[in-house]
Amino acid sequence: MRSATCPPGVQVPLTVVASRRPAPTFPAGRKRGPPGAVWPVCSATTTRAGGCQMRRAMKHLAWGTAVSVCLTTGAAASASTRDADAEERNAHCLREFDATQRADMESFRDFDAATFRRVHADDAVSIYPTGERFTGIDAIMAAAANHFTRKYAVWSWTELNRRVDGCRSAVITYDATYDIPKYEYHQRALTVVTYVYERGRWQAVMDQGTLLEISS
């Protein structure tokens with residue numbers, strides 16, 4: 219059984235198409251052979267004969283149909299492979315994002331200044347619930363210096379929702395509280411953090427808090 223040349227794993231048997239060819243037309247004066255008889259091969263001297271002409275036309279039609287099916291099947295297989303690759307990449311980005319956002323929140327809770335700095339972009343912006351605005355990771359770290367060195371605050375949060383746009387950007391909204399028991403200080407804010415995926419990793423680029431409760 220012959221088949222057209224297709225991508226690996228894709229074959230189209232010609233006999234499937236050729237099986238629909240009409241009954242042959244025999245040249246004048248030629249008798250139909252007995253059952254199982256083999257037709258003569260078309261040659262230069264018999265090409266104009268009705269039977270051979272029909273056989274040659276059907277052979278070309280079968281081959282052309284097989285090539286067409288082959289190309290269509292190959293294109294579909296390529297598209298399927300691309301879709302699978304895209305899904306795997308998105309799944310990988312989602313896993314990396316989840317790890318980054320946890321590192322961001324947990325490093326602030328655990329007073330891990332090095333990790334907190336690492337998961338932020340150099341030009342990150344932070345807007346406190348009180349309205350203070352800090353631009354650049356150096357300014358952000360300076361503003362939070364007491365938090366990381368004195369280690370007496372309690373930071374907790376509840377994730378309300380998240381939106382991840384593939385391997386491009388993500389936004390998370392938290393209901394977060396910042397308490398300093400020693401001074402009976404309590405602050406609750408709606409905190410929105412934006413992340414972007416650049417140079418193969420996620421980084422926080424902006425956070426903004428909306429004050430909900432405060433007592434001191």
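Residue numbers for the sequence shown follow the working numbering, so the first one is 219 and each next one is one higher.
Positions of the beta carbon are idealized from the N, C-alpha and C atoms, including for glycine.
field: Inter-residue spacing [alpha-carbon to alpha-carbon] between D328 and T299
entry: The sequence position of residue 328 within the sequence shown is 110, counting from 1. The sequence position of residue 299 within the sequence shown is 81, counting from 1. Cα-Cα distance, rounded: 43 Å.
message: According to DSSP, simplified to helix, strand and coil, what is R417?
response: Here residue 417 is taken as the residue at index 199 of the sequence shown, counted from 1. It is coil, neither helix nor strand.
Selection from Y346, A357, E350 and I345 that minimises the alpha carbon distance to R335: Indexing the sequence shown from 1 puts residue 335 at position 117. Selected option, being the one with the closest Cα: A357.
message: Could you tell me which whole beta strand (DSSP E) segments of length 3 or greater appear in the region 324-379?
response: 338-345 and 351-353
message: Taking 9 Å as the threshold (C-beta atoms), are T391 and V414 in contact?
response: Taking the sequence shown and counting its residues from 1, the one referred to as residue 414 is at position 196. Taking the sequence shown and counting its residues from 1, the one referred to as residue 391 is at position 173. Cβ atoms of V414 and T391: not closer than 9 Å.
message: In this structure, how does DSSP classify R386 when only helix, strand and coil are distinguished?
response: Working through the sequence shown from its first residue, we reach residue 386 at position 168. Residue state, collapsed to three classes: coil.
- prompt: Ordered along the chain, which non-local residues of its own chain (more than five positions away) have a Cβ less than 7 Å from that of V382?
  reply: Residue numbering aside, residue 382 sits at position 164 when the sequence shown is read from its first letter. Hits under 7 Å: L312, F315 and A388.
query: Three-state secondary structure (DSSP) at D393?
result: Within the sequence shown, the letter at position 175 stands for residue 393. D393 falls in the strand class under three-state DSSP.
- prompt: Across which residues does DSSP place E431 in a beta bridge pair?
  reply: Along the sequence shown, read from residue 1 onward, the residue named residue 431 stands at position 213. BP columns for E431 point to R406.
- prompt: Among residues of its own chain, excluding the 5 on either side of R386, which ones have a beta-carbon nearer than 8 Å to its beta-carbon?
  reply: Against the sequence shown, residue 386 aligns to sequence position 168. Excluding residues within five positions, the ones whose Cβ falls inside 8 Å are V414 and Y415.
CB of W373 within 9 Å of CB of A360, strictly: Counting from 1 along the sequence shown, the entry for residue 373 is found at position 155. Counting from 1 along the sequence shown, the entry for residue 360 is found at position 142. Contact flag unset, no.
field: T376 beta carbon less than 9 Å from that of Y407
entry: The residue you call residue 407 lines up with position 189 of the sequence shown. The residue you call residue 376 lines up with position 158 of the sequence shown. Looking at the sequence provided, one finds Ala at residue 407 rather than Tyr. Contact: no.
task: With DSSP as the reference, label T318 as helix, strand or coil.
output: Translated into the one-based positions of the sequence shown, residue 318 becomes position 100. Three-state result, T318: helix.
- prompt: Buried or exposed: which applies to T318, given that a residue is buried once 16 or more other Cβ atoms fall within 10 Å of its Cβ?
  reply: Within the sequence shown, residue 318 is the residue found at index 100, counting from 1. Counting Cβ neighbours within 10 Å, T318 comes out buried, since at least 16 surround it.
query: In the DSSP assignment, what residue or residues form a beta bridge with A309?
result: As a first step, residue 309 must be located in the sequence shown, where it is residue number 91. Paired residues: none, contrary to the question.
- request: Count the other CB atoms, across all protein chains shown, that sit within 10 Å of the CB of A304; report buried if there are 16 or more and exposed otherwise.
  value: Along the sequence shown, one-based indexing puts residue 304 at 86. Under this definition A304 is an exposed residue.
query: Can you tell me whether D340 is buried or exposed, with buried defined as 16 or more other CB within 10 angstroms of its CB?
result: As a working mapping, residue 340 is identified with position 122 in the sequence shown. Counting Cβ neighbours within 10 Å, D340 comes out exposed, since fewer than 16 surround it.
- request: Can you tell me which of the three DSSP states V259 falls into?
  value: Taking the sequence shown and counting its residues from 1, one reaches residue 259 at position 41. Note on V259: pLDDT 48, under 50, position unreliable in the model; the coordinate value appears next. Note: V259 maps to coil in three-state DSSP.
message: Run through the DSSP bridge pairs and tell me what T412 is partnered with.
response: Within the sequence shown, numbered from 1, the residue matching residue 412 stands at position 194. T412 pairs with V389 and M424.
task: Buried or exposed for T310, please, with buried defined as at least 16 other CB atoms from any protein chain shown within 10 angstroms of its CB.
output: Translated into the one-based positions of the sequence shown, residue 310 becomes position 92. In the sequence on display, residue 310 carries His and not Thr. Its Cβ having fewer than 16 others within 10 Å, H310 is exposed.
query: Between D330, G349 and Y401, which lies nearest to F366 when the distance is taken from Cα to Cα?
result: Translated into positions along the sequence shown, residue 366 becomes position 148. The candidate whose alpha carbon is nearest that of F366 is D330.
- request: Give me the Cα-Cα distance between P258 and R307, rounded to the nearest whole angstrom.
  value: On the sequence shown, residue 258 is found 40 positions in, with the first residue counted as 1. On the sequence shown, residue 307 is found 89 positions in, with the first residue counted as 1. At P258 the pLDDT is 48, less than 50, meaning the model places this residue with poor confidence; the figure from the coordinates comes in the next sentence. The straight-line gap from Cα to Cα measures roughly 58 Å.
- request: Measure the C-alpha to C-alpha separation of I398 and D425 and round it to an integer number of angstroms.
  value: As a first step, residue 398 is located in the sequence shown; it is residue number 180 there, counting from the start. As a first step, residue 425 is located in the sequence shown; it is residue number 207 there, counting from the start. So the two alpha carbons sit approximately 21 Å from each other.
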